[in-house]
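Everything below concerns the one structure shown next.
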Amino acid sequence: EAGVAQSPRYKIIEKRQSVAFWCNPISGHATLYWYQQILGQGPKLLIQFQNNGVVDDSQLPKDRFSAERLKGVDSTLKIQPAKLEDSAVYLCASSFWGGFPDTQYFGPGTRLTVL
Amino acid sequence: EDKVVQSPLSLVVHEGDTVTLNCSYEVTNFRSLLWYKQEKKAPTFLFMLTSSGIEKKSGRLSSILDKKELFSILNITATQTGDSAIYLCAVGCGNNDMRFGAGTRLTVKP
Numbered sequence: 623e624a625g626v627a628q629s630p631r632y633k634i635i636e637k638r639q640s641v642a643f644w645c646n647p648i649s650g651h652a653t654l655y656w657y658q659q660i661l662g663q664g665p666k667l668l669i670q671f672q673n674n675g676v677v678d679d680s681q682l683p684k685d686r687f688s689a690e691r692l693k694g695v696d697s698t699l700k701i702q703p704a705k706l707e708d709s710a711v712y713l714c715a716s717s718f719w720g721g722f723p724d725t726q727y728f729g730p731g732t733r734l735t736v737l
Numbered sequence: 074e075d076k077v078v079q080s081p082l083s084l085v086v087h088e089g090d091t092v093t094l095n096c097s098y099e100v101t102n103f104r105s106l107l108w109y110k111q112e113k114k115a116p117t118f119l120f121m122l123t124s125s126g127i128e129k130k131s132g133r134l135s136s137i138l139d140k141k142e143l144f145s146i147l148n149i150t151a152t153q154t155g156d157s158a159i160y161l162c163a164v165g166c167g168n169n170d171m172r173f174g175a176g177t178r179l180t181v182k183p
């Protein structure tokens, strides 16, 4: 089965610019997650979707970050405007269902560097 | 505040050694504890633990959970250079939360 796809794999931008990341989950997985992983730290959940609805976005910096999953399949995460501290790997994960128990499958990530 | 703490943060061993990685947690409404291996790319799933005292085993890797003392260990026996990676512990908690520890960076030297 195909895994979680993400693009781009790498992105370098200057601060105050905008950037968007794309994720296509494993087919049939209703739950989709976006994580931010800063170097030396574990992944931090930004937002969780169940189909096209938001389940949890409590840790998403909503003044600059936004995410959508309009058709309940693929998703985009946007940062506008970017700050230096946004430099991180952005991981997308999906799971068959978001309840308990739950195993998430991760994509390869997008490494963002903000200069 | 929910927290997951892993130790040690980094570890260097030689091939053939046995290692034990630790994960302790303080969370509300514990659901499950998961171990992931992260090399250069995405974290890959290793184990999910929900019950105390039941060892999960896969080849040279094994893990066990203690829900009374709020910790889990991941053991790797007869380590190989291919085991070099960051090992992440994550705890499912609250309504839908998944909290990750900072990870343990394991380096296995030939």
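Chains as they are written, first to last, in the numbering used here: chain Y, 623 to 737; chain F, 74 to 183.
Each residue gets a CB set at the ideal place from its N, CA and C atoms; glycine is no exception.
Because the structure is a prediction, the values reported are computed rather than measured.
Closer than 7 Å at the beta carbon, the chain F residues around residue i
i	result
Y:PRO683	By Cβ distance, chain F contributes nothing, its closest Cβ being about 17 Å from Y:PRO683, past 7 Å.
Y:PRO647	By Cβ distance, chain F contributes nothing, its closest Cβ being about 13 Å from Y:PRO647, past 7 Å.
Y:THR735	Ordered by position in chain F, no residue passes the 7 Å Cβ test against Y:THR735, which lies about 16 Å from the chain.
Per-residue contacts from residue i into chain Y (C-beta, under 9 Å)
i	result
F:GLY221	The structure shown does not extend to residue 221 of chain F, since chain F is modelled only from 74 through 183, so no value can be given for it.
F:PHE173	TYR657, GLN659, GLN663, GLY664, PRO665, LYS666, LEU667
Within chain F, the residues that residue i reaches when beta carbons sit closer than 8 Å
i	result
Y:PHE643	Residues of chain F passing the Cβ test: none, with the nearest at roughly 14 Å.
Y:THR725	LEU107, PHE118, MET121
Supposed contact pair residue j and residue i - C-beta distance, whole angstroms, cut 8 Å
i	j	result
Y:PHE643	Y:GLN659	No, Y:PHE643 and Y:GLN659 are not in contact; Cβ-Cβ is about 13 Å, not under 8 Å.
F:ILE149	F:ARG172	Actually they are not in contact, since the Cβ atoms of F:ILE149 and F:ARG172 sit about 23 Å apart, beyond 8 Å.
Y:LYS633	Y:VAL626	Not a contact, Cβ separation roughly 18 Å.
F:SER105	F:MET121	5 Å
Proximity below 7 Å, CB of residue i to CB of residue j
i	j	result
F:TYR109	F:VAL164	no
F:CYS162	F:GLN111	no
Y:GLN670	Y:TYR655	yes
F:LEU179	F:SER145	no
F:CYS166	F:ASP90	no
Y:GLY664	F:GLY155	no
F:LYS113	F:SER125	no
Beta-carbon neighbours of residue i, restricted to chain Y and to distances below 8 Å
i	result
F:PRO81	Within chain Y, no residue comes near F:PRO81; the closest Cβ sits about 14 Å away, beyond 8 Å.
F:LEU119	In chain order: nothing, as chain Y lies at least about 10 Å away.
Residue i Cβ short of 6 Å to the ligand NAP heavy atom set
i	result
Y:SER709	This structure does not include the ligand NAP; it has no bound ligands of any sort.
Which of helix, strand or coil DSSP assigns to residue i
i	result
Y:LEU661	coil
F:THR91	coil
Y:GLY675	strand
F:ASP170	strand
Y:GLY650	coil
Y:VAL708	According to the sequence shown, residue 708 of chain Y is Asp rather than Val. DSSP places Y:ASP708 in helix when its eight states are reduced to three.
Beta-carbon neighbours of residue i, restricted to chain Y and to distances below 7 Å
i	result
F:ALA115	LEU713, PHE728, GLY729, PRO730, GLY731
F:GLY176	GLY664
Endpoints, beta strand (DSSP E) assigned at residue i
i	result
Y:GLN670	666-672
F:LEU122	116-122
F:LYS76	76-80
F:VAL181	177-182
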